[in-house]
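Report on the following structure.
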Ligand code: GLC
Ligand code: CA
C-alpha cells in the first residue's frame, strides 16, 4: 500500500458548511447568489462556528447541470463575480478562521469545453472516449465533423474525460490504456487545475464523481492509482491542502489517496444505505432503485441505527487514523433533513447526534435553521433526475429574513434562481438569531461544544452503549450522548451510564444506570474525568 503524508492537522477539527452559490446570498439583486453575497454573510458562518466552507462549482459553465458541466476550469462564472471577488471572499473567510474548498469536477467537462469542441472535429484526439463508428450502447452521437460517438459521464452533455480503461476488449477498440496520451494529458490537467486554485489560497477540493475516472474498473484499482499519483504530488506541492471525495466508500477512497470521503445517499456495496438509513424517510429525493426503508430519524421508531453503525464500524476500522468520514445533514443532490413527514421538533436530536459523532460533520446551508425541502419544483438547470428524484427542493434560496425574497436583495421573485419557501411559518435566520431556544442557537452551541471538547471531535473514541431507542454512546470515555429520534419515550439501562452534568439536553434523564428519554429528546452529559 502506498503511504501518504498524514492529513494536515486542521482537517481533524473541520466542521464543514456546504454552500450552493446560486442560492446562498445575492449581493447585486440579479436573483442569483454570488461571491460578494457569501462574503457579506461570513459573519453568520463565523458566529455559527463552522470553519470550512465547501462551494459547489463556480466555474465558467453553460449551467445545464448547475455548474457540474464546466467549460473553463480556470475561470469563475461571471454570474458569481470576478476572480478578484473570489480571492476577496477567500481572504475574508481566512481572517475569520474559515477555509474554503472548491468543487473539482474531475471526470467530465461540458460539451462546450474547448477540449471537447476540439475533440469533436479531430479523430486523433483522445482526451475523451470516442467510438470511431456507430453508436455503442450508452454513447452519444458526435456533434462535430468527427464521426462516431462519445461516452458521457452523467448527462449526455457531460462527456467523460478519458482516463483509460482498466482492461482491453478487442470488441471495443475505443478502450485505451491508462497510460495513453489522452489519459496522461487529463491527469496532468487535473494537477494544473488544482495547482491554480491552491496557489490562490483555496484549501482543497471536494471531488465530484471521484470513483468514475477509469472505465471498466470494477475494483477501482486503476482509478485509485490516478488519485494516489495526484495525492503524492499534492503532499509535496501543497501539504496543507485536502481532497475529499464524492465516492461514498471511505474504505476504498481513502487508501486511494483522499483525506476523507462522504457517506452519501449512494455508493459502496450497499448503495448509500448508511446515510439513507439515518435520514431518508421516503420523500424528497428518491431514486426508484432504492428499496423502501424505515430510517432511524423518524417519529415511528421503526428504524434502527444499526445499518449506519455497521457501515461506520467497517469504514472507520479500515481507515484507522489514515483519513476521515464526513457525515452530511444533506447535500445539493439529496433531501434536506426537514423533508416529508419530518417536522422541526425532530431536528434537534438529529443535530445532537451528527455534531457529537466522530465524523467530520457537514452542514448543508439552511439546515441549521431547518429549511424545508420543497417538493414539486420545476426542473432548474438539470435538477430533475427522475420522477421522484428532484434536487431543486434542496437548492432553494437561503432564508435570511422574512422579506418576500428571504433577503435576496431587491430581485423580483420571478428572477430568483428558485422560489423561496412560500410557507408563512418558514424558518429564517433573522428570527432564529433573535430566539435563543431556536434550532440555529442549538446548532451553534453544539458546534462550539464539539470544537472546545476534543473527546467529542473526530479523533475521540466512541463506545456505543445502546443501539436502539434511545441511541446511547460514550465519547472519549467521558461524554454520554443520548438521542431518541422517535415520538414515543424510550428508556434503557447500561452499567456505563450514570448521571453527569448536562451540557446540552432536552428531555433526557439519567438515574443510576437508567436512561429515560422523552420523544425527540437529546442530551450530552459530562460524566467527569475520573470515570
Ligand atoms: C455529482 C454532483 C451532482 C452532479 C453530478 C454530475 O453527483 O454532486 O450534482 O449532477 O455529479 O457532475
Ligand atoms: Ca447576484
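In full-length UniProt numbering, the protein residues as written are 1 to 531. Don't be surprised by glycine CBs; every beta carbon is placed ideally from N, CA and C. Owing to the predicted nature of the structure, the values given are computational and were not obtained by experimental measurement.
With a threshold of 7 Å (Cβ to nearest heavy atom), would residue i be considered close to ligand 1?
i	result
residue 105	yes
residue 389	no
residue 158	yes
residue 271	no
residue 209	yes
residue 113	no
residue 72	no
residue 379	no
residue 246	yes
residue 261	no
residue 365	no
residue 333	yes
residue 417	no
residue 68	yes
Considering only C-alpha positions, which residue in the set the options is nearest to residue i?
i	options	result
residue 406	178, 182, 312 and 24	24
residue 527	329, 501, 254 and 517	501
residue 400	432, 13 and 387	432
residue 8	347, 204, 17 and 129	204
residue 246	255, 392 and 261	261
residue 316	485, 460 and 201	460
residue 494	465, 474 and 480	465
residue 374	338, 256 and 386	338
residue 126	156, 155, 97 and 165	165
residue 360	450, 297, 102 and 265	450
residue 348	439, 413 and 271	439
residue 107	162, 98 and 517	162
residue 294	61, 75 and 302	302
residue 218	196, 508, 314 and 268	268
residue 296	279, 4 and 287	279
residue 35	50, 79, 4 and 75	79
residue 470	457, 484, 462 and 364	484
Rounded to whole angstroms, what is the Cα-Cα separation between residue i and residue j?
i	j	result
residue 332	residue 206	13 Å
residue 212	residue 233	20 Å
residue 37	residue 381	21 Å
residue 477	residue 352	18 Å
residue 53	residue 429	18 Å
residue 482	residue 523	5 Å
residue 121	residue 11	44 Å
residue 216	residue 109	20 Å
residue 200	residue 193	11 Å
residue 179	residue 426	54 Å
residue 242	residue 228	13 Å
residue 305	residue 518	18 Å
residue 208	residue 513	46 Å
residue 57	residue 358	28 Å
residue 533	residue 129	Nothing can be reported for residue 533: it is not among the residues displayed for the chain, which extend from 1 to 531.
residue 385	residue 289	12 Å
residue 391	residue 326	21 Å
Does at least one heavy atom of ligand 2 sit under 7 Å from the Cβ of residue i?
i	result
residue 405	no
residue 153	no
residue 26	yes
residue 19	no
residue 34	yes
residue 414	no
residue 30	yes
residue 37	yes
Under a three-way DSSP split, which group does residue i fall into?
i	result
residue 20	coil
residue 259	coil
residue 159	strand
residue 330	coil
residue 520	strand
residue 466	strand
residue 94	helix
residue 251	helix
residue 196	helix
residue 152	strand
residue 451	helix
residue 56	coil
residue 445	helix
residue 227	helix
residue 130	strand
residue 273	helix
residue 236	helix
residue 9	helix
residue 38	helix
residue 266	coil
residue 32	coil
residue 383	coil
Tell me, please, whether the CB atom of residue i is closer than 8 Å to any CB atom in chain B?
i	result
residue 369	Absent here is chain B; the protein component of the structure consists of one chain.
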